[in-house]
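Report on one structure; see the data block that follows.
2 protein chains.
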Amino acid sequence: MAVGKSVFPQMPAIDGVRLGTAMAEIKKPNRRDLVVIEVPEGATVAATFTRNAFCAAPVHVARDHLQSAAPRYLLINTGNANAGTGVRGRQDAESCCASLSDLAGVDAHQVLPFSTGVIGEPLPVARIVAGLPAALASLSEEGWALAAEGIMTTDTRIKGSSAQLELSGGTVTINGISKGSGMIQPNMATMLGFVACDAKIDPVRLQQWLRDAVQVSFNAITVDSDTSTNDACTLIATGRGPEVESAEDERRFREALTSVLTELAQAIIRDGEGATKFVTLQVEQASSVDEARAVAFTVAHSPLVKTALYASDANWGRILAAVGRAPVKDLDVDRIVIDLGDERLVEHGGRADSYTEQAGARVMAREEIVIRIRLGRGDSHATVWTSDLSHDYVSINADYRS
Amino acid sequence: MAVGKSVFPQMPAIDGVRLGTAMAEIKKPNRRDLVVIEVPEGATVAATFTRNAFCAAPVHVARDHLQSAAPRYLLINTGNANAGTGVRGRQDAESCCASLSDLAGVDAHQVLPFSTGVIGEPLPVARIVAGLPAALASLSEEGWALAAEGIMTTDTRIKGSSAQLELSGGTVTINGISKGSGMIQPNMATMLGFVACDAKIDPVRLQQWLRDAVQVSFNAITVDSDTSTNDACTLIATGRGPEVESAEDERRFREALTSVLTELAQAIIRDGEGATKFVTLQVEQASSVDEARAVAFTVAHSPLVKTALYASDANWGRILAAVGRAPVKDLDVDRIVIDLGDERLVEHGGRADSYTEQAGARVMAREEIVIRIRLGRGDSHATVWTSDLSHDYVSINADYRS
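Shown next as structure tokens:
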């Protein structure tokens with residue numbers, strides 16, 4: 001099940017960024033489960049990783065490698081997360097990097113590993129290594145769609161986004177692909193995003209811009225509140241295109257980057273486990289962005305709000321109660337205004353006088369729903385996207401391993 | 001659905017505490033939906049209330065009344081929560097208190113109101129007032145079981161607990177009843193507890209002891225992470241029995257009080273919405289109790305852990321991932337030990353070598369499951385009880401109003 005239509009966009013080539021795939025039978029045969037992304041020499045690479053304390057072996061290794069060398073290859077496998085695998089897991093990730101570096105003639109530290117799939121089983125290193133020649137042989141600047149397929153686990157759709165923008169020095173292209181359909185899959189580990197552009201940007205700014213864009217995109221979505229052990233988002237700037245120079249260039253670039261990442265993040269929610277609704281939570285008039293996010297996530301995580309969304313039931317009492325228990329000090333409920341779509345739901349500490357069950361039901365019947373919460377405390381705001389909690393969510397997660 | 005057996009205990013009379021009920025047709029006919037509890041003159045009353053910012057009208061009124069007079073009557077209705085009802089809601093709650101005080105010959109401030117039921121509909125004051133004479137006429141020291149029935153909403157069982165203990169001055173009896181089967185019902189608002197004893201205790205200590213006992217009982221359970229707008233727990237000490245004098249008396253009394261409250265709280269989880277499992281989360285070796293509770297609640301709220309429990313699937317990766325994302329700084333995963341029942345699940349940052357799927361499946365097949373998490377950071381610990389996330393939970397919450 002997935003919400004809305006999905007079209008994989010045209011992905012213009014980005015000079016020097018080549019993508020290859022292979023069927024390595026990591027977990028199942030006849031499945032594109034190995035992806036190699038080649039990064040041109042001289043490129044800058046930024047990355048953000050999961051904050052889960054039990055982060056997976058490839059996260060540790062990718063972090064280390066990023067600090068010691070300029071990446072030339074990203075190596076991604078599905079079918080096995082190499083998480084909860086201890087010391088051996090790191091050795092296995094290093095082995096795969098070393099094999100790829102041997103074949104490609106680069107240093108092992110110039111390979112960043114990424115894994116997604118089942119937690120706690122040893123990485124099948126031999127199969128990954130055996131698949132590398134085929135993946136390298138298929139490297140192509142046209143490989144974006146196949147790579148998007150190659151990073152899928154239980155996703156039902158390939159996910160991509162592309163943007164072109166004009167800077168003072170010329171046209172810049174940004175391409176991205178992502179995978180994920182729950183914050184954690186059944187026992188799969190989960191969200192990955194790979195984005196590349198041809199702009200020239202120094203490492204410090206690239207990392208900062210990626211971090212900021214991830215905060216309002218991948219870090220603003222939730223299916224079930226669970227943060228994966230393997231989440232990662234990588235941004236390559238090849239430097240072969242125009243430099244991001246002026247303040248106006250920066251504004252445009254960051255806006256386009258945020259837009260690409262947001263589209264990739266939203267695609268994960270639309271493809272969320274058992275999702276039948278795509279829900280936007282806008283929290284405004286908060287005293288800080290953190291506060292706005294806290295309120296938005298409290299509502300987005302509430303099983304009672306999520307089941308009401310699933311039932312298309314405008315159960316405003318549940319939304320009100322979730323806002324009321326958000327971790328915010330001295331919330332003045334008399335100042336809170338909650339709108340469901342274009343209907344006023346709550347004001348003056350209770351149900352709005354204008355509200356009717358019929359009007360609420362009309363909004364809730366839609367597949368895409370906006371809940372807008374104004375706190376009356378300040379100027380900060382945040383937006384979070386989530387899905388509903390359906391019978392299918394329980395089935396997918398309860399029946400997965402049985 | 002409910003977990004385990006339930007027996008309503010023998011409730012010895014507590015001199016001066018009388019309970020009466022009536023069928024007031026607040027929402028449905030032929031249902032005991034109105035309860036009056038008479039508190040003897042000279043008694044001390046302590047209470048704790050929900051921290052939800054959108055707390056209900058009766059919570060505001062009960063708090064005010066408690067501060068201005070010694071309570072003589074508790075007035076409880078089901079079928080309507082009088083929540084999200086603004087200024088009118090408070091007036092309605094005051095009206096009901098005034099009617100009862102007129103009939104009983106006490107001051108209106110000596111009545112504490114409690115409501116549970118649908119959020120956002122006006123309280124049917126006339127029906128409640130019309131039911132009061134019958135409720136008063138039925139007042140009896142033997143009324144505990146009928147009162148337990150009278151406070152039920154979607155509960156499938158009446159819930160009671162009783163203890164007797166020897167203090168230096170003689171025998172003390174503690175009786176309690178509770179209701180609730182989700183932290184918030186569909187759109188019902190929810191947990192109520194009424195406890196009485198014949199000990200003599202000053203108000204300051206009574207309030208402190210209640211607060212401490214609630215923290216490790218009612219505040220240590222979660223069905224779905226939602227905190228109701230109406231939650232309240234009230235403790236009456238009539239003062240007609242022995243005084244709690246020595247340190248040993250205090251220790252014994254607090255232990256018995258905690259035991260009664262814990263039994264009432266656990267009964268709510270056993271009767272949890274769609275519950276098929278009763279799960280105990282023990283977090284030990286934390287650097288503070290708050291930290292231990294934070295880890296326990298993160299696991300207890302994880303939809304992925306809860307669906308795995310429902311499926312009787314020892315999906316240790318989900319437990320590990322939930323612990324890893326708990327809001328605890330500098331968690332050293334290598335020191336964490338997780339046991340599932342008597343099986344070691346996680347140690348040294350990954351799956352325990354001794355663990356087998358068969359052993360895990362054997363533990364998960366049970367109706368009562370203990371998950372023990374040692375953090376290796378200190379001496380503090382906390383226990384939290386929860387239920388699983390089942391298809392029935394979604395059905396109950398998605399289909400309730402439709």
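Here the protein sequences come in this chain order: H and P. Using UniProt numbering, read the first sequence as starting at 1 and increasing by one per residue. Using UniProt numbering, read the second sequence as starting at 1 and increasing by one per residue. The beta-carbon is built from N, C-alpha and C at its ideal position, and this holds for glycine as well. Here the structure is a predicted model, which means the values were calculated and not measured.
Use the C-beta contact count for residue 431 of chain H: other C-beta atoms within 10 angstroms, 16 or more gives buried, fewer gives exposed.
-> Residue 431 of chain H lies beyond the stretch modelled for chain H, which goes from 1 to 402, so this question has no answer here.
Chain P contacts from the region 82-94 of chain H (Cβ-Cβ distance under 9 angstroms) = 83, 84, 85, 86, 87, 88 and 89
Following the continuous beta strand (DSSP E) through residue 26 of chain P, name the residue where it begins and the one where it ends.
-> Counting along the chain, residue 26 of chain P falls outside any beta strand (DSSP E), and DSSP gives it neither H nor E.
Cα-Cα separation, residue 392 of chain P to residue 8 of chain H | 37 angstroms
Proximity to residue 311 of chain H [Cα-Cα], best of H:366, H:236 and H:136 | H:366
Leaving out five residues before and five after residue 235 of chain H in sequence, what residues of the same chain have Cβ atoms less than 6 angstroms from its Cβ?
-> 46, 195 and 210
Count the other CB atoms, across all protein chains shown, that sit within 10 Å of the CB of residue 164 of chain H; report buried if there are 16 or more and exposed otherwise.
-> exposed
Start-end ranges of the beta strand (DSSP E) lying completely within the region 313-340 of chain P, minimum 3 residues = 337-340
Extent of the continuous beta strand (DSSP E) run through residue 197 of chain H = 192-197
Based on the DSSP output, what are the partners of residue 170 of chain H in its beta bridges?
-> H:167
Would you check if the distance between the CB atom of residue 56 of chain H and the CB atom of residue 115 of chain H is smaller than 8 angstroms?
-> yes
Taking Cβ positions, are residue 397 of chain H and residue 307 of chain P nearer each other than 8 angstroms?
-> yes
State yes or no: is the beta carbon of residue 348 of chain P nearer than 8 angstroms to at least one beta carbon in chain H?
-> yes
Would you be able to state if there are at least three C-beta pairs under 8 angstroms between the region 336-350 of chain P and the region 373-380 of chain P?
-> yes
Going by DSSP, which residues form a beta bridge with residue 254 of chain P?
-> Its beta-bridge partners do not exist; DSSP assigns none.
Have a look at residue 327 of chain H and residue 167 of chain P and give me their C-alpha separation to the nearest angstrom.
-> 41 angstroms
Note down, in chain order, every chain P residue with its Cβ under 9 angstroms from the Cβ of residue 390 of chain H.
-> 394 and 398
Range of the contiguous alpha helix (DSSP H) that encloses residue 20 of chain H = Here residue 20 of chain H belongs to no alpha helix (DSSP H); instead the beta strand (DSSP E) covers 18-22.
Beta-carbon proximity list for residue 58 of chain H, same chain, < 6 angstroms, skipping 5 on both sides = 82, 93, 113, 114 and 115
Of all the options P:387, P:268, P:256 and P:358, which has the alpha carbon lying nearest to the alpha carbon of residue 299 of chain P?
-> P:387
Identity of the residue in P:213, P:108, P:16 and P:51 nearest residue 139 of chain P by Cα | P:16
Quick one: which chain P residues come within Cβ less than 7 angstroms of residue 240 of chain H?
-> Those do not exist, as residue 240 of chain H stays about 38 angstroms from chain P at its closest Cβ, beyond 7 angstroms.
At 9 angstroms on the CB atoms, spell out the chain P contacts of residue 385 of chain H, in chain order.
-> Under the 9 angstroms cutoff, chain P gives no residues; its nearest Cβ is about 17 angstroms from residue 385 of chain H.
Could you tell me how far apart the beta carbons of residue 223 of chain P and residue 269 of chain P are, in whole angstroms, since I believe they sit closer than 8 angstroms?
-> 7 angstroms
According to DSSP, is residue 101 of chain H helix, strand or coil?
-> helix
Alpha-carbon spacing of residue 319 of chain H relative to residue 280 of chain H, whole angstroms | 13 angstroms
Going along the region 196-220 of chain P in order, which residues come within less than 7 angstroms of chain H, judged by CB to CB distance?
-> none
Less than 8 angstroms between the CB atoms is what I'm expecting for residue 390 of chain P and residue 394 of chain H, so what's the real figure, rounded?
-> 7 angstroms
is_contact[residue 331 of chain P, chain H] using C-beta, thresh 8 angstroms | yes
Beta-carbon contacts of residue 142 of chain P that lie in its chain and below 7 angstroms, excluding the five residues immediately before and after | 13
Test: residue 224 of chain P CB closer than 8 angstroms to a CB of chain H | yes
Cβ-based burial, residue 36 of chain H [other Cβ within 10 Å; buried from 16] | buried
If you measure from the beta carbon of residue 311 of chain H to each beta carbon in chain A, is any gap under 8 angstroms?
-> Considering every chain present, this structure includes no chain A. Its protein chains are H and P.
Taking 8 angstroms as the CB-CB cut-off, is residue 187 of chain H touching chain P?
-> Note that residue 187 of chain H scores a pLDDT of 44, beneath 50, so its modelled location is shaky; the value from the coordinates is reported in the next line. Judged by the 8 angstroms Cβ criterion, residue 187 of chain H is in contact with chain P.
Could you tell me which of H:63, H:51 and H:42 sits nearest to residue 72 of chain H, measuring between CA atoms?
-> H:42
According to DSSP, which residues form a beta bridge with residue 221 of chain P?
-> P:385
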